Structures are given as structure tokens and as C-alpha cells.
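Asker: Residue numbers (this note's numbering), protein chains in the order written: chain A, 222 to 408; chain B, 6 to 399.
Below you'll find the structure I mean.
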């Protein structure tokens with residue numbers, strides 16, 4: 222029993238997209254631009270061409286925020302979306318009816334339709350793959366060359382993520398919506 | 006009248022022959038061919054869906070709800086509207102409105118059945134839904150409440166119609182009132198499906214759950230003019246004129262309230278300055294479907310009513326046809342506008358700008374199934390007029 226979360230030192234991201242590839246490979250996510258559990262967001266450079274401010278470009282890796290109060294879970298008519306014992310937001314594909322309400326309710330655009338099962342899929346923090354094999358890291362974390370991601374148990378005061386959140390300022394995305402995300406962006 | 010199975014009174018001459026037996030006027034022939042074409046489209050659309058699954062639809066990750074959700078809402082709003090109009094006479098006892106009760110309640114049954122048909126092909130796993138709606142109900146989900154209450158509502162409407170056919174007005178009143186309350190609850194829950202979307206600030210809030218009831222009543226009155234227009238071939242007797250004049254006056258009031266509500270919704274959206282809401286509202290008022298909604302469902306019918314305070318039932322029939330097209334756009338706009346703003350997670354493909362607005366246009370399959378739903382609704386209603394006496398009995 223844990224309460225898994227992830228801290229992202231996002232300013233270290235170099236947009237190599239190795240995390241996207243590792244996630245697809247590890248979790249068997251379908252190919253195609255629309256089918257992704259995680260992604261690297263990027264803003265546009267400021268200024269007018271050719272005087273673009275390259276330094277203004279920032280990358281923001283993101284994924285399901287595994288909210289403590291997940292809107293996707295609240296709106297699911299069949300409880301197909303649920304919190305597992307480690308507080309990870311999961312989808313039981315046997316119960317999913319593909320009404321797509323969760324896709325509309327998620328403020329983070331973190332859900333997509335898996336065409337093989339025709340049900341909604343999302344990040345599981347590698348619960349079915351790496352964590353099930355006893356490993357303690359996620360695929361995206363493990364592959365990141367600049368060590369952007371730190372995954373761990375928020376309830377364990379000695380975990381690396383707890384230490385990071387104690388010692389560094391951080392923010393959450395769209396926190397004003399009251400979703401209590403468990404992804405933390407370090408500043 | 007002969008007594009059919011389960012003690013249901015059926016017209017003496019009801020048979021396949023009576024269904025095919027109608028006056029061969031040009032307008033009737035056009036209608037018959039159109040309905041058959043729409044039913045053929047339903048079969049074709051469903052066939053395409055069964056082969057290609059949701060790939061047959063133009064819904065995407067960014068725009069997961071499409072035309073068929075809008076059409077489902079269109080039909081269930083129509084059903085609730087019919088139910089409200091039908092209840093005026095047999096539940097609330099307004100004598101002038103009793104003559105339409107049976108027809109309106111039957112209309113509420115066929116429209117919701119058409120809606121259920123369309124949504125069955127939009128939901129990815131309708132059978133799973135029936136099982137897990139019961140086994141693991143999501144009580145915090147507006148869709149669960151909406152679906153469950155609509156199922157109950159249909160049951161009550163069928164029972165009420167049964168008692169109306171048997172002229173048992175006391176029991177019809179009991180089931181009519183229960184059905185009306187359950188229908189209103191279901192319908193406002195449908196509004197809350199959008200109202201609970203905190204991620205979509207343009208729809209979030211109390212507006213839609215209440216607005217849905219108002220627009221249902223308006224839709225019900227439009228449909229009443231249409232069904233009565235066909236029943237009397239636009240040649241109304243005095244009693245029907247009195248009924249329609251009353252309905253037109255109520256409609257004038259309801260449309261005025263709707264315009265008032267919409268004006269304030271748009272003003273607060275546009276000038277409230279709330280992020281994601283203000284720019285979407287500006288986008289909406291520059292879109293063509295918004296004007297289709299306003300002109301066809303509000304301006305034209307209201308002008309016709311104001312012309313002589315609803316005393317022109319024939320003109321109101323045509324205004325109601327315009328109104329129903331406008332109501333369709335109202336539903337389409339509701340669904341599309343809710344999703345039109347990207348969720349701003351800084352996603353974009355390399356070397357391209359992130360999308361400013363999400364585009365959606367329904368696929369041929371979505372259009373065919375939606376039109377098929379309309380064809381099914383008209384066909385069921387037509388068969389009902391042949392099988393049952395939908396006029397008031399004295």
C-alpha cells in the first residue's frame with residue numbers, strides 16, 4: 222500500500238521524447254500520434270521571425286495527474302475508473318462502456334481510446350508492467366537522460382520524492398480545479 | 006376498437022394493409038419516400054458502424070462527443086417536451102389541453118425510443134452498460150442518473166399511455182405525474198452531464214440543468230403544433246384552435262424567457278473575463294450554427310407569435326418546423342461548443358502551432374444513423390396513429 226506520485230524537474234527536459242517511446246514500448250501503447258499516455262508539451266518561442274527568442278521555449282512533460290479527486294472517476298457511470306490500492310487512477314476495461322464522459326471530464330487531456338479493446342486507456346504508472354514485476358521506477362522515469370522524473374511513495378517520508386517536495390518549491394497543473402493532482406512540477 | 010394483447014385497445018382495421026394505406030398526395034408520397042430512405046440510411050449506417058466500429062465516426066481524442074450525442078439529446082429533449090405538454094391536460098387538469106394528452110404521451114415514447122436507438126450505436130459497449138449500471142453503479146456520475154432515470158421514465162410513460170388508451174384517467178394521472186417528475190429529474194441530470202464538467206468552463210455550472218427543462222417545454226410545444234398540423238391537415242376545428250392558441254401564448258412566454266436567459270449567459274460569459282470561457286463565448290457568437298439556432302428556434306417563432314398573439318395556427322405550424330431545425334442546432338452547438346476549446350496542455354506536433362479551436366464535422370455514418378433515428382421516430386409515430394386512437398375520447 223503506497224500513495225504513488227511523481228515529481229518533474231521539468232526545466233531539465235530537452236524534448237528528446239524518449240519517455241514517450243519508452244512508455245509505448247513498455248506498456249504496449251498503440252502507435253499513432255493520438256494514442257499516447259504521456260507527452261512532452263512545448264510552448265511557442267516568443268518574438269517575431271526571424272527574431273525569435275529561442276530561450277523562451279519551454280518543455281513540459283505531462284500525463285495523467287493521478288488526481289486525489291479525479292473528475293474522470295467521479296463521472297464514470299459504471300465505476301470502470303477506480304483508485305487502486307496504491308491510489309493510482311486505473312481503468313477496468315471490462316466495465317468501461319466507452320461513453321467518453323471521462324475523456325471530456327479530464328482537464329488534462331490524459332485519456333484516449335484503445336482501439337484494440339475499444340475502451341478508454343490512460344497512464345497507470347506502469348502498474349501492470351514494471352511495478353507488477355517488482356521494479357520501483359516507471360518506464361518514462363527510467364529512460365529519461367536528464368532525470369526529469371522522480372516516482373515514489375508520497376506517504377513514505379524517506380522516499381526521494383518526499384525529500385524533493387520538502388526541499389523544493391513546486392506547483393501542480395490546473396490546481397484551481399480542486400483535483401489535487403499527484404504530479405508535482407519542481408521550480 | 007378491438008382489444009389486443011394485454012388488454013390494449015387497437016383500431017379495428019389495424020393491419021399491414023392499413024399501414025400502407027394512406028392518401029397518395031404529393032406531400033405524403035415525399036414524406037413516405039423520405040422516411041423509407043432514412044430507415045435505409047439507418048441500416049447502412051449501423052452496418053458501417055458494425056464493420057468499422059468507432060472509426061466510422063469523426064470523433065477524436067480532443068472531440069470525443071459528436072453528432073450522435075447531439076441527436077440523442079435532441080430526441081430525449083423532444084420526449085420530455087411531449088411529456089410536459091401531455092401532462093398539462095391529464096395530470097394538471099387543464100381542460101383545453103386534454104385533447105392532445107394521448108398523442109403527446111405517445112410522442113414522448115417514440116421520440117425517446119429513437120433517442121435510445123441512436124445512443125446505442127454511440128456508446129461503445131451498450132450491453133456492458135446494462136450490466137455494470139446495475140452491478141457497479143457510479144452514483145456520482147450524472148450519466149448514470151440520467152440513463153437510469155430515463156429508463157424508469159420510459160416505463161412510466163408506457164404505463165401512462167396504456168391507461169390513457171383504456172380511458173382510466175385516475176391511474177393515468179398517477180403514472181403521468183410520476184413519469185413527469187422522473188422525466189424532469191432525468192432531463193435536468195442530462196443538463197448536469199455538461200454542468201459538472203469543471204474542465205469545460207463554458208458549460209460548467211447550474212445553467213444547463215435548468216435551461217434543459219425550459220427548452221424541453223419549448224420543444225414539446227413546437228412538436229405539438231407539428232403533430233396536430235398533420236392530424237388535422239392544417240384545417241383546424243375551433244377546439245383545436247383554442248388548444249393551439251393557448252400553446253402559442255405559452256410558447257411566446259417561454260421563448261422570451263429563453264432569450265433572456267441566453268442573453269445573460271452570453272454576456273456574463275463574454276464580459277466576465279473568466280479564462281477559457283470568455284474566448285469560447287466570443288468564438289460561439291461568430292459561428293454560423295449559433296445564428297441558425299437563434300433565428301430558427303427563437304426569432305422566427307417569436308415573431309409569428311407576436312404577430313397576432315398566437316392566433317395563426319397554420320403559420321405557427323410552419324414556424325414550429327423552423328423551430329425544430331433550430332432546436333437541432335441548439336443541441337449540436339451545446340455538444341460542439343463544450344469541446345471546442347483545447348485543454349491547453351501545450352500539446353502540438355512539431356513545427357506546427359498548437360490548435361486554437363478544435364474542428365469537427367460528422368462523418369457520413371454519423372449522419373446516416375442520426376437521420377435514421379429521425380426516420381424511425383416518424384415511422385413509429387405513423388404506425389401508432391394507425392394502431393391506436395390518439396384523439397381525445399368523450
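We put the CB at the ideal spot given by N, CA and C, even for glycine.
Source: prediction; values computed, not measured.
Ignore the nearest five residues each way along the sequence and tell me which others in residue 112 of chain B's own chain have a CB closer than 7 Å to its CB.
Answerer: Here the question's residue 112 of chain B lines up with position 107 in the second chain. Within the same chain, residue 112 of chain B has close Cβ partners 87, 228, 232, 386.
Asker: Scan the segment 308–329 of chain A for residues whose Cβ lies nearer than 8 Å to a Cβ of chain B and list them as they occur along the chain.
Answerer: 315, 316, 317, 318, 319, 320, 321, 322, 324, 325, 326, 327, 328, 329
Asker: Which class does residue 277 of chain A belong to by DSSP, given the choice of helix, strand or coil?
Answerer: The sequence position of residue 277 of chain A within the first chain is 56, counting from 1. Helix.
Asker: How many angstroms separate the CA atom of residue 347 of chain A from the CA atom of residue 370 of chain A?
Answerer: Counting from one through the first chain, the residue named residue 347 of chain A turns up at place 126. Counting from one through the first chain, the residue named residue 370 of chain A turns up at place 149. Roughly 14 Å separates the two Cα atoms.
Asker: Taking residue 340 of chain A as part of the alpha helix (DSSP H), name the residues at either end of that continuous run.
Answerer: Walking along the first chain from the start, residue 340 of chain A turns up at place 119. That residue, residue 340 of chain A, is in no alpha helix (DSSP H); its beta strand (DSSP E) goes 340–342.
Asker: For the segment 295–309 of chain A, enumerate the residues whose C-beta is nearer than 8 Å to any C-beta of chain B, in chain order.
Answerer: 295, 296, 297, 298, 299, 300, 301
Asker: Does residue 210 of chain B come out as helix, strand or coil in the three-state DSSP assignment?
Answerer: Translated into positions along the second chain, residue 210 of chain B becomes position 205. Coil at residue 210 of chain B, not helix or strand.
Asker: Hey, is the segment 7–17 of chain B in contact with the segment 293–304 of chain A, meaning 3+ C-beta pairs nearer than 8 Å?
Answerer: no
Asker: Just to confirm the assignment, what range does the alpha helix (DSSP H) spanning residue 269 of chain B have?
Answerer: Residue numbering aside, residue 269 of chain B sits at position 264 when the second chain is read from its first letter. Per DSSP, residue 269 of chain B belongs to the alpha helix (DSSP H) from 243–276.
Asker: To the nearest angstrom, how far is the alpha carbon of residue 380 of chain B from that of residue 45 of chain B?
Answerer: Along the second chain, read from residue 1 onward, the residue named residue 380 of chain B stands at position 375. Along the second chain, read from residue 1 onward, the residue named residue 45 of chain B stands at position 40. Straight-line Cα distance between these residues: approximately 9 Å.
Asker: So, residue 126 of chain B versus residue 50 of chain B, is the Cβ gap smaller than 9 Å?
Answerer: Translated into positions along the second chain, residue 126 of chain B becomes position 121. Translated into positions along the second chain, residue 50 of chain B becomes position 45. Cβ atoms of residue 126 of chain B and residue 50 of chain B: closer than 9 Å.
Asker: Helix, strand or coil for residue 280 of chain B? Go by DSSP, reduced to three states.
Answerer: If you number the second chain from 1, residue 280 of chain B lands on position 275. Note: residue 280 of chain B maps to coil in three-state DSSP.
Asker: So, does the CB of residue 394 of chain A fall closer than 9 Å to a CB anywhere in chain B?
Answerer: For the purposes of this step, residue 394 of chain A is taken as residue 173 along the first chain, with counting starting at 1. It does; some Cβ of chain B falls within 9 Å.
Asker: Between residue 338 of chain B and chain A, is the shortest Cβ-Cβ distance under 9 Å, so that the two count as touching?
Answerer: Sequence index remark: in the second chain, residue 338 of chain B carries index 333 (1-based). No, no contact with chain A.
Asker: Please return the same chain residues whose Cβ sits closer than 7 Å to the Cβ of residue 142 of chain B, not counting the five positions on each side in sequence.
Answerer: On the second chain, residue 142 of chain B is found 137 positions in, with the first residue counted as 1. Answer for residue 142 of chain B: 149, listed in chain order.
Asker: Does the beta-carbon of residue 312 of chain B have 16 or more other beta-carbons within 10 angstroms, so that it is buried, or is it exposed?
Answerer: Looking up residue 312 of chain B in the second chain gives position 307. By the 10 Å Cβ count, residue 312 of chain B comes out exposed.
Asker: Residue 348 of chain B: which of A/398, A/251, A/405, A/403 sits nearest, CA to CA?
Answerer: To locate residue 348 of chain B, count along the second chain from 1; it is residue 343. Closest option to residue 348 of chain B, Cα to Cα, is A/398.
Asker: So is residue 278 of chain A buried or exposed if we call it buried at 16+ other beta carbons inside 10 Å?
Answerer: To locate residue 278 of chain A, count along the first chain from 1; it is residue 57. Classification of residue 278 of chain A: exposed, given that the 10 Å Cβ count is below 16.
Asker: Residues of chain A with CB under 8 Å from residue 134 of chain B, in chain order?
Answerer: By one-based count along the second chain, residue 134 of chain B stands at place 129. Per Cβ cutoff of 8 Å: 298, 299, 318, 320.
Asker: So for residue 404 of chain A, helix, strand or coil by DSSP?
Answerer: The residue you call residue 404 of chain A lines up with position 183 of the first chain. If DSSP states are grouped into helix, strand and coil, residue 404 of chain A belongs with the strands.
Asker: Skipping 5 residues on each side, what residues in its chain have a beta carbon closer than 6 Å to that of residue 340 of chain B?
Answerer: For the purposes of this step, residue 340 of chain B is identified with residue 335 of the second chain, where counting begins at 1. So the list reads 70, 74, 75, once near-sequence residues are dropped.
Asker: Mapping DSSP to helix, strand and coil, what is residue 395 of chain A?
Answerer: Numbered from 1 along the first chain, position 174 holds the residue referred to as residue 395 of chain A. If DSSP states are grouped into helix, strand and coil, residue 395 of chain A belongs with coil.
Asker: For a contact meaning CB atoms closer than 8 Å, what does residue 65 of chain B contact in chain A?
Answerer: Here residue 65 of chain B refers to the residue found at position 60 when the second chain is read from its first residue. Ordered by position in chain A, the residues that pass the 8 Å Cβ test against residue 65 of chain B are 255.
Asker: Have a look at residue 295 of chain A and residue 331 of chain A and give me their C-alpha separation to the nearest angstrom.
Answerer: The residue labelled residue 295 of chain A in the question sits at position 74 within the first chain. The residue labelled residue 331 of chain A in the question sits at position 110 within the first chain. Between residue 295 of chain A and residue 331 of chain A, the C-alpha separation is close to 15 Å.
Asker: Does residue 147 of chain B come within less than 9 Å of chain A when only Cβ atoms are used?
Answerer: The residue labelled residue 147 of chain B in the question sits at position 142 within the second chain. It does; some Cβ of chain A falls within 9 Å.
Asker: Specify, as a first and last residue, the run of the alpha helix (DSSP H) that residue 372 of chain A falls within.
Answerer: For the purposes of this step, residue 372 of chain A is taken as the residue at position 151 of the first chain. Taken as a continuous stretch (DSSP letters only), residue 372 of chain A belongs to no alpha helix (DSSP H), being part of the beta strand (DSSP E) at 370–374.
Asker: Using a Cβ-Cβ cutoff of less than 6 Å, which residues in the same chain neighbour residue 168 of chain B once the five nearest sequence positions on both sides are dropped?
Answerer: Walking along the second chain from the start, residue 168 of chain B turns up at place 163. Same-chain partners within the cutoff: 176, 177.
Asker: Under 8 Å: do the segment 255–271 of chain B and the segment 289–307 of chain B share three or more Cβ pairs, one atom per stretch?
Answerer: yes
Asker: Using only alpha-carbon positions, find the residue among A/362, A/381, A/373, A/387 that is nearest to residue 260 of chain A.
Answerer: What you label residue 260 of chain A is simply residue 39 of the first chain in a count that begins at 1. Ranking A/362, A/381, A/373, A/387 by Cα distance to residue 260 of chain A puts A/362 first.
Asker: What is the DSSP secondary structure of residue 313 of chain B, reduced to helix, strand or coil?
Answerer: By one-based count along the second chain, residue 313 of chain B stands at place 308. Note: residue 313 of chain B maps to helix in three-state DSSP.
Asker: Taking all protein chains shown into account, do 16 or more other C-beta atoms lie within 10 angstroms of the C-beta of residue 222 of chain A, making it buried, or fewer, making it exposed?
Answerer: Residue numbering aside, residue 222 of chain A sits at position 1 when the first chain is read from its first letter. Its Cβ having fewer than 16 others within 10 Å, residue 222 of chain A is exposed.
Asker: Any residues in the segment 53–85 of chain B with a beta carbon nearer than 8 Å to a beta carbon of chain A? Which ones, in chain order?
Answerer: 58, 59, 60, 64, 65, 66, 67, 69, 70
Asker: What did DSSP end up calling residue 337 of chain B once you bin it into helix, strand or coil?
Answerer: The residue you call residue 337 of chain B lines up with position 332 of the second chain. Residue 337 of chain B: helix per DSSP, three-state reduction.
Asker: For residue 467 of chain B, which three-state DSSP category applies?
Answerer: No information on residue 467 of chain B is available, as it lies outside the stretch 6 to 399 that chain B covers here.
Asker: Strictly below 8 Å CB to CB, what residues from chain B border residue 264 of chain A?
Answerer: Position 43 of the first chain holds residue 264 of chain A. Going along chain B in sequence order, the residues near residue 264 of chain A (Cβ under 8 Å) are 351.
Asker: Rounded to whole angstroms, what's the CA-CA distance from residue 303 of chain B to residue 395 of chain A? Just pull it up for me.
Answerer: Here residue 303 of chain B refers to the residue found at position 298 of the second chain. Here residue 395 of chain A refers to the residue found at position 174 of the first chain. Distance between the alpha carbons of residue 303 of chain B and residue 395 of chain A is about 37 Å.
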